[in-house]
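Structure record follows, encoded as structure tokens.
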Amino acid sequence: MKVYTKTGDKGTTALFGGDRVPKDHIRIDSYGTVDELNSYIGLIRDQEIDSHYKNILIEIQDRLFTVGAILATPVEKEVLKNGQLRLKNLGIVDTDIELLENEIDKMEESLPQMTHFVLPGGHPTVSHCHIARCICRRAERLAVHLSHNEQVPEIAIQYLNRLSDYLFVLARKLSSDLKAEEVKWIPRK
10 MKVYTKTGDK
20 GTTALFGGDR
30 VPKDHIRIDS
40 YGTVDELNSY
50 IGLIRDQEID
60 SHYKNILIEI
70 QDRLFTVGAI
80 LATPVEKEVL
90 KNGQLRLKNL
100 GIVDTDIELL
110 ENEIDKMEES
120 LPQMTHFVLP
130 GGHPTVSHCH
140 IARCICRRAE
150 RLAVHLSHNE
160 QVPEIAIQYL
170 NRLSDYLFVL
180 ARKLSSDLKA
190 EEVKWIPRK
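Note that this note's numbering has the sequence shown beginning at 10, numbered continuously upward.
In structure tokens form, the structure reads like this:
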């Protein structure tokens with residue numbers, strides 16, 4: 010299989026199911042941003058961090074491929090002509106969100122209570138988490154925007170929302186683990 014197909018040379022691309030849309034279509038922007046997020050999470054995983062976090066990040070990357078597939082599939086193309094689901098055995102389920110919530114809860118047990126806003130930074134690994142969090146928020150906004158015009162499973166949006174929370178808490182936890190300075194945001198008087 011060749012990497013280049015030349016089918017997108019005129020600015021269109023195919024969705025799951027074969028429909029072609031412009032490359033700047035909100036659906037493409039949505040799952041493209043999820044792909045960008047997935048790549049950035051790979052960068053976090055490549056840092057010198059605890060293997061537990063790496064394993065959770067691999068699970069998250071796997072789920073993000075699923076979110077991308079969901080966003081790349083128009084609702085009218087979810088069922089194949091033979092009646093089978095196009096994304097059979099793929100989906101985001103409640104336990105995927107619960108995993109993120111449980112991980113957040115575990116990390117927060119060892120962190121001081123938040124009493125202020127935190128400026129992103131303090132260590133390159135922490136900064137990567139904050140950038141991934143921002144990309145995740147953008148992916149969520151785009152998925153919500155898409156949902157105003159086309160059907161998007163609510164659970165995919167919920168997953169992105171919870172993932173951004175996870176990435177924020179992971180940044181705080183890594184700040185603690187790496188003994189990085191956590192700088193408070195102080196509003197001007």
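Glycine is no exception: its CB is placed at the ideal position from the N, C-alpha and C atoms. A quick note: this is a predicted structure, and the numbers were derived from the prediction, not measured.
- Distance CB(V8)-CB(L128) smaller than 8 Å: Because residue 8 is not part of the residues shown, which for the chain are 10 to 198, the question remains open.
- Message: My output table needs one value for K182: the three-state DSSP class, helix, strand or coil.
- Response: Here K182 carries a helix assignment [DSSP, helix/strand/coil].
- Message: Could you check whether L46 and A165 sit closer than 8 Å to each other, using their CB atoms as the reference points?
- Response: Inclusion of A165 and L46 in the CB contact set at 8 Å is not warranted, their separation being larger than that value.
- Item | DSSP beta-bridge partners of K193 | Beta-bridge pairing links K193 to V127.
- Message: Considering Cα atoms alone, identify which of L169, Y62 and I67 is closest to V153.
- Response: It is L169 whose Cα lies nearest to the Cα of V153.
- Query: In terms of residue numbering, what span does the alpha helix (DSSP H) encompassing L66 cover?
  - Reply: From DSSP, the alpha helix (DSSP H) with L66 extends over S60 to L80.
- Quick one: what does DSSP say L30 is sitting in, helix, strand or coil? Per the sequence shown, the amino acid found at residue 30 is Val instead of Leu. Strand at V30.
- Message: What does the alpha-carbon distance come out to for the pair D105 and L151?
- Response: D105 and L151: Cα-Cα distance of roughly 21 Å.
- Message: Using 8 Å as the threshold, is the C-beta distance between V135 and A81 below it?
- Response: Contact: no.
- With 16 other Cβ atoms within 10 Å as the buried cut-off, status of E112: E112 comes out buried.
- Nearest CA to the CA of V178: which residue from L109, Q160, D33 and I79? It is L109.
- Query: Is the closest heavy atom of the ligand PLP to the C-beta of V127 under 7 Å?
  - Reply: What this structure holds is no ligand at all, so the ligand PLP is not there to describe.
- Message: Can you give me the C-alpha to C-alpha distance between L172 and R197, rounded to a whole angstrom?
- Response: Cα to Cα, the separation comes out at about 31 Å.
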